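Enquirer: When you read off a place in the sequence shown, starting at 1, and then add 38, the result is the number in the numbering used here.
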Amino acid sequence: MAAKGKGKAGPDTDVYKQLFKEADKNGDGTLSITELRDLFKRGGSNMSDAQIADTFVFFDGAKGDKAITFEEFCAGLDQILNFVKQLEQMFKELDSSGDGFLDRNELKTLLQKTGKKFTEKEVDAILKEADVNGDNKISFKEFVDACT
């Protein structure tokens, strides 16, 4: 994988450049919170304004200058993608049936690994909250949404 934001070319950098260019509506070389929000919305995100604001602060980094540079954009995307890869690995390990979903028993196994005791009622409540479409199982997307 190519290094992003470090001047090295690669397929990921090209995708990042294209995304950044499309998002930078005013062409000033940085992204405002509005431009970042619009980018996520175009990508199908249903993030709340508060989540967008938190994500903006995350991308903006230590400078906090209220403008996301291309380098900050790349670094933020890299961190997010690495986090999603970790979640993907965890999901695969928990999906003992290999069906691409976490059922109630697999969720219970996950919760037991935290070391905290969960009642059956608590397990059911967590499943209900994470299971957005109500099919009594947790898809990877639902898992990511519940973890973020």
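Using N, Cα and C, we set each Cβ at its ideal position, and we do this for glycine too. The structure displayed is predicted, hence computed values, not measured ones.
Any heavy atom of the ligand SAM closer than 7 Å to the Cβ of ASP66?
Expert: Within the structure as shown, the ligand SAM is missing, as the structure has no ligands at all.
Enquirer: Quick one: residues in its chain with C-beta nearer than 6 Å to the C-beta of VAL170, no 5 flanking neighbours on either side, listed in chain order?
Expert: Position 132 of the sequence shown, counting from 1, holds the residue named residue 170. Closer than 6 Å at Cβ, skipping near neighbours: GLU180.
Enquirer: What does the alpha-carbon distance come out to for the pair ALA184 and ALA168?
Expert: The residue given as residue 184 occupies position 146 in the sequence shown. The residue given as residue 168 occupies position 130 in the sequence shown. About 6 Å.
Enquirer: Around the Cβ of THR186, are there at least 16 other Cβ atoms within 10 angstroms (buried) or fewer (exposed)?
Expert: Counting from 1 along the sequence shown, the entry for residue 186 is found at position 148. When all chains shown are included, THR186 counts as exposed.
Enquirer: Taking only the alpha-carbon atoms, compute the straight-line gap between GLY102 and LEU69 and give it to the nearest angstrom.
Expert: In the sequence shown, residue 102 corresponds to position 64, counting from 1. In the sequence shown, residue 69 corresponds to position 31, counting from 1. Rounded to whole angstroms, the separation of the alpha carbons of LEU69 and GLY102 is 13 Å.
Enquirer: Find out if the Cβ-Cβ distance for the pair THR93, LEU74 is shorter than 8 Å.
Expert: By 1-based counting over the sequence shown, the position of residue 93 is 55. By 1-based counting over the sequence shown, the position of residue 74 is 36. Yes, these two residues count as a Cβ contact at 8 Å.
Enquirer: If you check the beta carbons only, do PHE96 and PHE111 fall under 8 Å apart?
Expert: Numbered from its first residue, the sequence shown carries residue 96 at position 58. Numbered from its first residue, the sequence shown carries residue 111 at position 73. Using a Cβ distance threshold of 8 Å, PHE96 and PHE111 do not count as a contacting pair.
Enquirer: Taking the Cβ atom as the reference point for each residue, do LEU140 and ILE164 lie within a distance shorter than 8 Å?
Expert: Your numbering for residue 140 matches position 102 in the sequence shown. Your numbering for residue 164 matches position 126 in the sequence shown. Contact: no.
Enquirer: At the level of alpha carbons, what is the spacing between PHE58 and GLU126?
Expert: For this step, residue 58 is matched to residue 20 along the sequence shown. For this step, residue 126 is matched to residue 88 along the sequence shown. For the pair PHE58 and GLU126, the Cα-to-Cα distance works out to about 25 Å.
Enquirer: From the DSSP output, which residues share a beta bridge with ILE106?
Expert: Counting from 1 along the sequence shown, the entry for residue 106 is found at position 68. Beta-bridge pairing links ILE106 to LEU69.
Enquirer: Quick check on this structure: which residue in ILE71, ARG80, VAL161, GLY82 has the alpha carbon closest to the alpha carbon of ALA88?
Expert: Locating residue 88 in the sequence shown gives position 50, counting from the first residue. Of ILE71, ARG80, VAL161, GLY82, the residue nearest in Cα terms is ILE71.
Enquirer: Is the separation between the beta-carbon of ALA61 and that of ASP76 shorter than 8 Å?
Expert: Within the sequence shown, the letter at position 23 stands for residue 61. Within the sequence shown, the letter at position 38 stands for residue 76. Yes, the pair counts as a contact, with Cβ atoms nearer than the cut-off.
Enquirer: Who are the Cβ neighbours of ALA41 in its own chain at under 6 Å, not counting the five residues just before and after it?
Expert: One-based indexing of the sequence shown puts residue 41 at position 3. Because ALA41 sits at a pLDDT of 41, beneath the cut-off of 50, its placement in the model cannot be relied upon, and the following sentence gives the value as read from the coordinates. Nothing meets the Cβ criterion.
Enquirer: Measuring alpha carbon to alpha carbon, tell me which residue in ARG80, LYS154, ALA105 is nearest ALA91.
Expert: If you number the sequence shown from 1, residue 91 lands on position 53. Considering only alpha carbons, the answer is ALA105.
Enquirer: Is the CB of ILE176 under 8 Å away from at least one CB in chain B?
Expert: The displayed structure is made up of one protein chain only, and chain B is not part of it.
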